[in-house]
Amino acid sequence: MLGKVVKIIIIIIIVVVVVVVVVVVVVVIVVVVVVVVVVVVVLVVVTFDECVARNGEDCAPGKLWLQIRYFCGHHPACGHEGNEWALQEAKRNLFRHYLVVGVTEELGDFISVLEVLLPRFYRGAKAVYTQGPKGHLRKTSKKIRPSQATQKKIKASHIYRMEKEFYDFALQTFHVIKVGIFKKSAEKIRYFYQKIRPAAVEY
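Structure representation (structure tokens):
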């Protein structure tokens with residue numbers, strides 16, 4: 006009887022020792038992984054300024070070729086960075102095929118325009134946007150502006166200038182629509198909607 010008790014005690018001790026060893030090994034592995042991740046983050050992650058200064062691939066001018074490529078369409082030339090025809094085609098497509106295109110800087114006004122143009126789908130959307138419980142998610146807690154040197158280098162890029170030209174065109178078109186919709190009278194806001202080709206743009 007005593008021998009069985011001794012055996013049970015020995016087995017329990019062995020199990021406890023094995024569990025402790027496993028736990029220690031797991032803790033050590035976790036610590037090593039955390040240290041490696043921290044080292045990698047410190048060594049690999051760079052700021053936008055640092056990326057531009059070292060001509061990094063992630064911030065190369067070609068990465069800016071986004072808006073034009075999207076609005077241009079599926080023609081092979083649309084994917085050619087810096088293609089002038091692609092820029093003009095993107096403008097034509099925006100003007101001809103889109104009811105309205107807004108910009109993130111004026112997202113509130115864009116939603117208001119949608120409420121007027123498509124009330125069946127967007128009625129009350131502005132209230133949700135301004136008073137909804139997730140409004141804080143649209144605010145950046147810490148925004149680091151790129152340095153003057155970085156901005157100068159980016160703005161010197163031909164692709165940046167083309168993307169900026171397209172952005173300005175989209176913004177101008179949006180403003181034409183917005184002003185046409187929200188012309189105010191003494192009694193009420195009257196609805197006017199007519200897409201007007203911006204006079205400054207030639208095709």
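Residue numbering for the sequence shown follows our numbering, beginning at 6 and increasing consecutively.
A virtual CB, placed ideally from N, CA and C, is assigned to each residue, including glycine.
- For Arg125, the uninterrupted alpha helix (DSSP H) run begins and ends at Pro124 to Tyr127, by DSSP.
- Minimum Cα-Cα distance from Met167 among the listed residues Ile186, Leu71 and Val35 corresponds to Leu71.
- DSSP places Lys147 in the coil class of the three-state scheme, outside both helix and strand.
- Bounds of any alpha helix (DSSP H) do not take in Lys68, whose DSSP letter is neither H nor E.
- The closest CA to that of Glu55, considering only Lys158, Asp173, Ile182 and Tyr165, is found on Lys158.
- In the DSSP assignment, Leu176 falls within the unbroken alpha helix (DSSP H) covering His163 to Ile186.
- Beta-carbon to beta-carbon, Val118 and Ile182 are separated by about 7 Å, close enough to satisfy the 8 Å threshold.
- Contact between Cys64 and Asn98 is ruled out by a C-beta separation of about 27 Å, above the 8 Å threshold.
- Excluding the 5 residues flanking it on each side, Leu176 has same chain C-beta neighbours closer than 7 Å at Val108, in chain order.
- In the DSSP annotation of this structure, the continuous segment of the alpha helix (DSSP H) that includes Cys56 starts and ends at Phe53 to Ala58.
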